[in-house]
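Asker:
Numbering (my numbering), first residue to last: 1004 to 1286.
(1) In this structure, does DSSP put residue 1197 in helix, strand or coil?
(2) Mind checking which residues open and close the alpha helix (DSSP H) that includes residue 1097?
(3) For residue 1165, which residues from the same chain have a beta carbon less than 7 angstroms from its beta carbon, with the 5 sequence-adjacent residues on both sides left out?
(4) Just to confirm before moving on: does the CB-CB distance between residue 1107 and residue 1195 stay below 8 angstroms?
(5) Helix, strand or coil for residue 1114, going by three-state DSSP, please let me know.
(6) Taking 8 angstroms as the cut-off, decide whether the C-beta atoms of residue 1178 and residue 1208 are in contact.
(7) Leaving out five residues before and five after residue 1220 in sequence, what residues of the same chain have Cβ atoms less than 8 angstroms from its Cβ?
(8) Checking the sheet assignment: what are the DSSP bridge partners for residue 1263?
(9) With a Cβ-Cβ cutoff of 8 angstroms, do residue 1261 and residue 1117 count as a contact?
(10) Please state whether DSSP places residue 1020 in a helix, a strand or coil.
(11) Three Cβ pairs or more, each shorter than 8 angstroms: is that satisfied between the segment 1078-1097 and the segment 1120-1128?
(12) Please report the straight-line C-alpha distance between residue 1240 and residue 1257, rounded to a whole angstrom.
(13) Measuring alpha carbon to alpha carbon, tell me which of 1193, 1161, 1272 and 1223 ends up nearest residue 1242.
(14) What does a CB cutoff of less than 7 angstroms around residue 1283 pick up in its chain, not counting 5 residues either side in sequence?
(15) Nearest-angstrom Cα distance between residue 1278 and residue 1174?
(16) Can you give the beta carbon distance from residue 1217 to residue 1085, rounded, assuming they're within the 8 angstroms contact cut?
(17) Leaving out five residues before and five after residue 1281 in sequence, what residues of the same chain have Cβ atoms less than 6 angstroms from its Cβ?
(18) Does residue 1170 come out as helix, strand or coil in the three-state DSSP assignment?
(19) Going by DSSP, name the residue or residues bridged to residue 1074.
(20) With a threshold of 6 angstroms on Cβ separation, who are the neighbours of residue 1228 within its own chain once the five nearest residues in sequence on each side are excluded?
(21) Taking 6 angstroms as the limit between beta carbons, can you name the residues of its chain near residue 1140, skipping five residues before and five after?
Listed below in structure tokens is the structure:
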């Protein structure tokens, strides 16, 4: 019987094809397992939505820093107290700029630009109704490292019962947290009124009621912006809390005054701190 000379080569060829096919399948499986999970990527990026600078490398470290920095708590000695200023240890020349009634279209952003150029951090006391209208501006305030306080929902001056006072403060707190992730225990009563029920409720929650020791008087409709500068520079003292406004009306004069206020205080040797930082400085 004649030999079939093609049988052996054909078998080897078939075996080689099987080996190649198996290797290809294995390589394909390995490649598939290395494809990132789209859902996982979305989850990892979610913390970046809440006003966190995107120039950091590690998203996890961003989130930890964010949570730690966004809880503005009051030192025990200042809980349920009314604060006008602080006596820093060693009479250090520190001062806190506070900015009320925002966040506000255009004005707040302009003030943020000035503060950023000068490496100054301030404390913004927000009105809930203004925050509701301008959430993106609020996120920028927080992202740039400023402190936040509560300035009620409606900015009412009138006397109110406990239920109304609670609503004014807690509704604003809830929106601050929902919008920016901030929790704050710092409260400023509109107009500085301490006897209309708002301060009493805030103190019942162990908040610090933050007033001021220096005012720019930037709500005076007749004054030129240079007067605001003069007021602050003249009255500044170590541990002072300065009152200014970014909302509640046209604050373009305050925007014009801010660079000169900052430079004037720096020339006097002052360093700028937030209200939470200031309260940590008294022994």
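Ideal Cβ placement from N, Cα and C applies to all residues, glycine included.
Answerer: To lay it out plainly:
(1) coil
(2) Premise fails: residue 1097 lies in the beta strand (DSSP E), 1097-1105, not in any alpha helix (DSSP H).
(3) 1200 and 1204
(4) no
(5) helix
(6) no
(7) 1226, 1230, 1231 and 1234
(8) Per DSSP, none; premise fails for residue 1263.
(9) It is a contact, given that the beta carbons lie within the stated cut-off.
(10) Confidence at residue 1020 is low in this model, with a pLDDT of 44, below 50, so the placement of that residue is unreliable and no value is reported for it.
(11) no
(12) 21 angstroms
(13) Per the Cα distances, 1272.
(14) 1078
(15) 22 angstroms
(16) Rounded, the Cβ-Cβ distance is 16 angstroms, inconsistent with contact.
(17) 1089 and 1099
(18) Helix.
(19) 1186
(20) 1256, 1259 and 1260
(21) 1106 and 1111.
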